[in-house]
Amino acid sequence: MTTPSGATTAPGGAPVLDPAGAVPDAAVLTPPDVAERAAALDAADPLARYRDRFVQSPGLVAYLDGNSLGRPLRATRDRLAGFVDDVWASRLIRAWDEGWMDAPTELGDTIGRVTLGAAAGQTVVADSTTVMLYKLARAAVGARPGRDEIVADTENFPTDRFVLEGIAAERGMTIRWIEPDPALGVTVDDVAGVVSERTALVLLSHVAFKSAFVADMPAITRAVHDAGALVLWDLCHSAGAVPVELDACAVDLAVGCTYKFLNGGPGAPAFGYVARELQHQLRQPVQGWMGAADPFAMGPAYEPAAGIRQFISGTPPVVGMLPMRDMLAVLEEAGMAAVRAKSVALTEFVIEVADRKLAPLGVEVASPRDAAVRGSHVTLEHPRFQETTALLWRWGVVPDFRPPSGMRIGLSPLSTSFTEVARGLTLVAEALRDPGASPAR
Ligand SMILES: Cc1ncc(COP(=O)(O)O)c(C=O)c1O
1 MTTPSGATTA PGGAPVLDPA GAVPDAAVLT PPDVAERAAA LDAADPLARY RDRFVQSPGL
61 VAYLDGNSLG RPLRATRDRL AGFVDDVWAS RLIRAWDEGW MDAPTELGDT IGRVTLGAAA
121 GQTVVADSTT VMLYKLARAA VGARPGRDEI VADTENFPTD RFVLEGIAAE RGMTIRWIEP
181 DPALGVTVDD VAGVVSERTA LVLLSHVAFK SAFVADMPAI TRAVHDAGAL VLWDLCHSAG
241 AVPVELDACA VDLAVGCTYK FLNGGPGAPA FGYVARELQH QLRQPVQGWM GAADPFAMGP
301 AYEPAAGIRQ FISGTPPVVG MLPMRDMLAV LEEAGMAAVR AKSVALTEFV IEVADRKLAP
361 LGVEVASPRD AAVRGSHVTL EHPRFQETTA LLWRWGVVPD FRPPSGMRIG LSPLSTSFTE
421 VARGLTLVAE ALRDPGASPA R
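Structural data, given as structure tokens:
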């Protein structure tokens with residue numbers, strides 16, 4: 001199998017690649033022009049002080065994968081440590097009446113307010129992204145009877161494509177696949193060219209997981225509505241890094257994960273958004289007791305709760321909802337506009353260094369060069385990046401690898417410095433020069 005770094009593992013799980021030699025000193029190796037530029041950008045960074053709020057990681061040179069799993073905040077360490085004694089042990093089952101029952105909608109409202117441009121009563125925290133995606137997509141096609149097509153794109157994240165294939169098989173529907181330029185993403189013309197009176201639902205990612213292309217949410221949403229269909233946006237790579245305005249764009253449905261730029265921790269639950277005016281039209285397929293009008297009536301038949309609560313199925317993941325509270329507070333304090341500005345500055349810096357120092361080694365930038373349509377990561381391409389990524393992990397530089405040849409440089413605006421990026425990219429260059437990163441070895 002392959003690990004998240006893309007390294008091939010032996011049956012016992014140990015990395016096959018085990019190059020000898022000391023870990024190179026990134027601080028010493030960083031070219032002076034790059035180091036000076038990074039230092040100047042750090043000195044001018046109004047959000048630089050937020051870096052100290054995160055737990056330090058021993059041996060880490062550069063964390064370049066916050067778009068996969070955000071780093072923990074110190075406040076989260078304290079919150080988790082205190083939870084067992086102060087809440088769980090002391091309040092026990094009484095805590096359900098003291099906040100736990102309301103946590104999915106209360107936290108959903110906070111995510112909506114801080115990152116989604118969504119008024120209260122439309123966002124809920126529950127399930128995994130995959131399960132929430134299924135629930136909302138299935139509810140959407142059920143709300144458009146007589147329409148037998150779903151529109152999606154071949155570059156979307158596997159879970160999105162797989163969930164739709166399951167729904168299409170279940171409902172006898174056809175998926176109309178858009179095949180976008182992999183270096184970019186889905187355009188409004190792509191969508192307008194394929195939607196019709198047969199379309200029930202269009203599912204797209206706002207920020208493409210490979211290229212980081214940012215789709216035109218307002219225009220695409222209008223094109224979908226012109227065809228009488230519903231749109232579902234996957235916001236996994238947007239929430240907490242790229243601001244969106246769901247209400248202003250009249251978006252119908254959205255889902256996203258909370259473990260990337262909302263720093264909710266591994267396996268943290270997803271959020272789902274359902275526009276208020278649609279809520280009474282949709283019937284979600286996983287009818288559990290926690291989404292019922294009165295869960296503790298233990299009644300004979302399912303009666304959905306009013307409003308966004310009906311999109312809950314089972315017991316709220318209380319522990320999993322703890323860490324994201326800290327990041328949401330920090331994001332609100334910093335302001336999403338400032339967070340986006342830092343994200344843009346970081347991705348610009350990656351492209352600048354890649355052009356100057358990595359291009360001579362055969363590396364190509366595979367993300368949009370226009371910052372207006374680029375999310376919070378930059379994908380670099382090189383045929384040897386699978387082996388290179390595995391070596392970099394050993395050296396304390398942590399990007400991730402996406403087949404066939406992409407290295408994603410993820411930039412978490414509040415926890416990443418320009419100097420960290422400079423050192424990380426310096427070791428990318430070193431790794432490409434290192435015979436340990438050669439598959440021929
Ligand atoms: C665009 C996108 N959708 C969905 C998911 C994951 O879904 P889940 O949270 O169920 O693992 C990811 C994970 O990285 C993703 O990037």
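Counted from 1, the sequence shown has number 430 at position 430 by the working numbering; the numbering is strictly sequential. For each residue, glycine too, the CB sits at the ideal point set by N, CA and C. Please read these numbers as outputs of a predicted model, since none were measured by experiment.
Alpha carbon to alpha carbon, how far is residue i from residue j?
{"i": "Val34", "j": "Thr416", "result": "16 Å"}
{"i": "Pro285", "j": "Arg394", "result": "45 Å"}
{"i": "Ala89", "j": "Met324", "result": "22 Å"}
{"i": "His237", "j": "Phe209", "result": "7 Å"}
{"i": "Glu387", "j": "Ala359", "result": "18 Å"}
{"i": "His276", "j": "Arg369", "result": "Looking at the sequence provided, one finds Arg at residue 276 rather than His. Taking the straight line from one Cα to the other gives about 37 Å."}
{"i": "Val70", "j": "Asp226", "result": "Looking at the sequence provided, one finds Gly at residue 70 rather than Val. Distance between the alpha carbons of Gly70 and Asp226: 37 Å."}
{"i": "Thr174", "j": "Pro182", "result": "23 Å"}
{"i": "Gly265", "j": "Ala152", "result": "29 Å"}
{"i": "Gly307", "j": "Ala241", "result": "28 Å"}
{"i": "Thr444", "j": "Ser196", "result": "There is no way to answer for residue 444, as the model of the chain reaches only from 1 to 441."}
{"i": "Ala337", "j": "Leu47", "result": "11 Å"}
{"i": "Thr258", "j": "Val231", "result": "21 Å"}
{"i": "Leu411", "j": "Glu303", "result": "44 Å"}
{"i": "Ser239", "j": "Pro404", "result": "Residue identity check: residue 239 is Ala in the sequence provided, not Ser. Looking at the two C-alpha atoms, the distance is approximately 26 Å."}
{"i": "Thr130", "j": "Leu203", "result": "13 Å"}
{"i": "Asp102", "j": "Asp247", "result": "23 Å"}
{"i": "Ile178", "j": "Arg161", "result": "12 Å"}
{"i": "Gln310", "j": "Lys135", "result": "11 Å"}
{"i": "Ala334", "j": "Glu352", "result": "26 Å"}
{"i": "Gly424", "j": "Thr379", "result": "14 Å"}
{"i": "Asp97", "j": "Val114", "result": "26 Å"}
{"i": "Trp289", "j": "Ala297", "result": "10 Å"}
{"i": "Leu278", "j": "Gly267", "result": "29 Å"}
{"i": "Gly314", "j": "Asp127", "result": "8 Å"}
{"i": "Ala168", "j": "Arg138", "result": "9 Å"}
{"i": "Pro32", "j": "Lys357", "result": "12 Å"}
{"i": "Ala354", "j": "Glu364", "result": "8 Å"}
{"i": "Met132", "j": "Gly299", "result": "25 Å"}
{"i": "Leu164", "j": "Pro145", "result": "17 Å"}
{"i": "His206", "j": "Asp234", "result": "6 Å"}
{"i": "Ile312", "j": "Leu92", "result": "22 Å"}
{"i": "Leu17", "j": "Asp25", "result": "Legend: pLDDT at Leu17 = 39, less than 50; position of this residue unreliable, no value from coordinates given."}
Give every residue of the same chain whose Cβ lies closer than 8 Å to the Cβ of residue i, excluding the five residues on either side of it in the sequence, and list them in chain order.
{"i": "Ala14", "result": "For Ala14, the pLDDT reaches just 34, beneath the cut-off of 50, and the residue's location in the model is therefore unreliable, although a value from the coordinates is still provided. Nothing meets the Cβ criterion."}
{"i": "Arg374", "result": "Ala212, Phe213, Val214, Val344, Thr347, Ser367, Pro368"}
{"i": "Gly172", "result": "Asp148"}
{"i": "Leu73", "result": "Arg53, Phe54, Val55, Asn263, Pro323, Asp326, Met327, Val330"}
Note down, in chain order, each residue of its chain lying with its Cβ closer than 7 Å to the Cβ of residue i, except the 5 sequence neighbours on either side.
{"i": "Pro11", "result": "Here Pro11 scores only 31 on pLDDT, less than 50, and its place in the model is too uncertain to base an answer on."}
{"i": "Ala192", "result": "Ala223"}
{"i": "Glu155", "result": "Pro180, Pro182, Gly185, Ala208, Lys210"}
{"i": "Val318", "result": "Trp100, Ala103"}
According to DSSP, simplified to helix, strand and coil, what is residue i?
{"i": "Ser211", "result": "coil"}
{"i": "Thr76", "result": "helix"}
{"i": "Gly291", "result": "helix"}
{"i": "Ser205", "result": "strand"}
{"i": "Trp177", "result": "strand"}
{"i": "Thr347", "result": "helix"}
{"i": "Leu246", "result": "coil"}
{"i": "Asp153", "result": "strand"}
{"i": "Asp234", "result": "strand"}
{"i": "Gly82", "result": "helix"}
{"i": "Gly265", "result": "coil"}
{"i": "Ala169", "result": "helix"}
{"i": "Ala143", "result": "coil"}
{"i": "Arg374", "result": "strand"}
{"i": "Val428", "result": "helix"}
{"i": "Thr315", "result": "coil"}
{"i": "Val365", "result": "strand"}
{"i": "Ala200", "result": "strand"}
According to DSSP, which residues form a beta bridge with residue i?
{"i": "Gly406", "result": "Glu381, Arg402"}
{"i": "Ala270", "result": "Ala126"}
{"i": "Tyr63", "result": "Val398"}
{"i": "Leu253", "result": "Leu232, Val274"}
{"i": "Pro304", "result": "Ala292"}
{"i": "Phe54", "result": "Leu73"}
For residue i, I'd like the list of residues in its chain whose CB is within less than 6 Å of its CB, leaving aside the five on either flank, ordered along the chain.
{"i": "Leu29", "result": "Thr426"}
{"i": "Leu107", "result": "Val125, Met321"}
{"i": "Thr123", "result": "Gly108, Ile111, Gly112, Phe271, Tyr273"}
{"i": "Ala120", "result": "Asp109"}
{"i": "Pro243", "result": "Met336, Arg340"}
{"i": "Asp431", "result": "First, the residue type needs correcting, since residue 431 is Ala and not Asp in the sequence shown. Excluding positions up to five away in sequence, the list reads Thr388, Leu391, Leu392, Ala437."}
{"i": "Ala62", "result": "Val397, Glu420, Arg423, Gly424"}
Looking at residue i and ligand 2, is the gap between the Cβ and the nearest heavy atom below 7 Å?
{"i": "Thr129", "result": "For the structure depicted, ligand 2 is absent and the ligand set comprises only ligand 1."}
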